[in-house]
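This report refers to the structure that appears directly beneath it.
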Amino acid sequence: MARIRRRTAAAQPTALVALATLFAVLSGPGATAATAPPPPAPGAPRTPSAPRAPAPQSELVPGVHPGPYQPWQVDTPDQVLAPQVYTPSAAEDAVEPPRAAEGSDALIEYVPLSEAVAREAGVTACSRRTGPHQRQVERWLRLKEDGKQSAADCRAVRAFQSKQGIRPDSGFAGPVTWGRMRLLSAAKAPNAAGRCPVRAGRVACVDLRRQLVWVQKGKRVVFGPVPVRTGKAGYRTRTGWFKVYWKHKNHWSTLYNTPMPYSQFFSGGQAFHAIYGSVYSPPGSRGCVNMRLADARTLWSRLSTGDRVYVWGRKPGT
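With mature numbering (1 follows the signal peptide of the UniProt record, and there is no 0) applied, the sequence shown corresponds to residues -33 to -1, 1 to 285, in that order.
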């Protein structure tokens, strides 16, 4: 396969800088004393604090320290240019992409840097911050919908997070909590609104607003729905009708020098493919439809070259 010689340095997102700062703070001397105030003594009066503005999603970081062998990928520099199509040999296709590191698909909520540091320092209080999906989470839980965090909101969100295995279960209404709610709501009938056209053959449906993908044949759902991560602002995943034109199990982006396992290209350089990280990590991909490794592997077996893809809606924040 001819290689694309031109490479473009991937931009470092704000969240990556914040995450690096978190690790530096957690490992540096005096981290606990310098970054998180000690909890108040029992019976001591609490100092009231002014309401804090919602945390920008672009500044959130994983709320659980990943450890030395579990790097969290904050952004994925996907292929921008269309790949050079060729027919992989049987030997090449027989090789399966590397497995994801254990825990890479864990439901780790993205929280403000200050809260992540406080948890590492042993402060486990309920989050008082208004999350980027506060109003949506309140509506889903049938709470008072005012878009502001309260003690009652936090207790209800924490209960949901604990039940779903989301960590940390601090009550912060972040992208993982809201993403899990969207998935649960769509699980039984993802096309209830009829937004994805019904055809006799297979159609891969990409709902940008809900960040979900499923495959339907006629009215029957044969795969999914599963959570995905589509293009961020400036790199939006293109909408409309497409066809899977090339499948490459062990694709490697020569433009950005990054793996794209189980790639199924449907529009130029935009493809379904797995990532070795969280599909909930903000702010999004560079156009591709990122998937968890297990989901991408299953989708690989559900779609064939020539199958149709329909993309609609708009990813929030783009």
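Just so you know, even glycine gets a beta-carbon here, dropped at the ideal spot from N, CA and C.
As the structure is a computational prediction, the values presented were derived from the model and not from experiment.
Closest by C-alpha distance to residue i, when choosing among the options
{"i": "A241", "options": "L260, N224, R253 and P249", "result": "L260"}
{"i": "T285", "options": "T204, W267, Y277 and S230", "result": "T204"}
{"i": "R196", "options": "S234, Y229 and Q178", "result": "Q178"}
{"i": "Q128", "options": "E76, Q103, Y243 and F209", "result": "E76"}
{"i": "F209", "options": "K186, G89, G185 and C163", "result": "C163"}
{"i": "T272", "options": "A171, A119 and V256", "result": "A171"}
{"i": "R102", "options": "A83, E82, V90 and V124", "result": "V124"}
{"i": "W80", "options": "R169, S220, G98 and G168", "result": "A quick correction: the sequence has Leu, not Trp, at residue 80. Among R169, S220, G98 and G168, the Cα nearest to that of L80 is on G98."}
{"i": "D45", "options": "D262, F232, D274 and V278", "result": "F232"}
{"i": "W267", "options": "F239, G114, A154 and A167", "result": "F239"}
{"i": "F139", "options": "S152, A154, P65 and A119", "result": "A119"}
{"i": "L74", "options": "W219, V276 and P135", "result": "P135"}
{"i": "K216", "options": "V276, R106, V62 and G198", "result": "V62"}
{"i": "T265", "options": "P192, A68, Q116 and D174", "result": "P192"}
{"i": "P185", "options": "L48, D274 and A49", "result": "One detail in the question is off: residue 185 reads as Gly in this sequence, not Pro. When only C-alpha atoms are compared, the closest one is D274."}
{"i": "S152", "options": "K111, R106 and D113", "result": "R106"}
{"i": "K199", "options": "P249, A263 and A57", "result": "P249"}
{"i": "Q51", "options": "Y277, R281, V246 and G235", "result": "G235"}
Residues sharing a beta bridge with residue i, DSSP
{"i": "G207", "result": "V278"}
{"i": "A73", "result": "Paired residue(s): none; A73 is not in a bridge."}
{"i": "S234", "result": "Q237"}
{"i": "V256", "result": "F239"}
{"i": "W213", "result": "F232"}
{"i": "S220", "result": "T225"}
{"i": "V28", "result": "V78"}
For residue i, the three-state DSSP class (helix, strand or coil)
{"i": "S94", "result": "coil"}
{"i": "V246", "result": "coil"}
{"i": "P9", "result": "At P9, the pLDDT of 47 sits below 50, so the modelled position is not reliable; the number obtained from the coordinates is stated separately. Reduced to three states, the DSSP call for P9 is coil."}
{"i": "S271", "result": "coil"}
{"i": "Q101", "result": "helix"}
{"i": "A68", "result": "coil"}
{"i": "L266", "result": "helix"}
{"i": "V78", "result": "strand"}
{"i": "V84", "result": "helix"}
{"i": "R109", "result": "coil"}
{"i": "D45", "result": "coil"}
{"i": "E59", "result": "helix"}
{"i": "G284", "result": "coil"}
Check: residue i C-beta below 8 Å from any heavy atom of the ligand FMN
{"i": "Q128", "result": "Only the bare structure without any ligand can be found here, which leaves the ligand FMN out of the picture."}
Beta carbon proximity, residue i to chain B, threshold 9 Å
{"i": "R196", "result": "Structure shown: chain B not included; a single protein chain is present."}
Quick check: the segment 153 to 171 against the segment 215 to 225, are at least 3 beta-carbon pairs closer than 8 Å?
No, the segment 215 to 225 does not touch the segment 153 to 171.
Unbroken alpha helix (DSSP H) runs of length 4 or more, entirely within the segment 121 to 204: which are they?
Runs of the alpha helix (DSSP H) inside the segment 121 to 204: 142 to 153.
Inter-stretch contact at 8 Å, needing at least 3 Cβ pairs: the segment 84 to 91 / the segment 141 to 150:
The answer is no - the segment 141 to 150 does not touch the segment 84 to 91, with fewer than three Cβ pairs under 8 Å.
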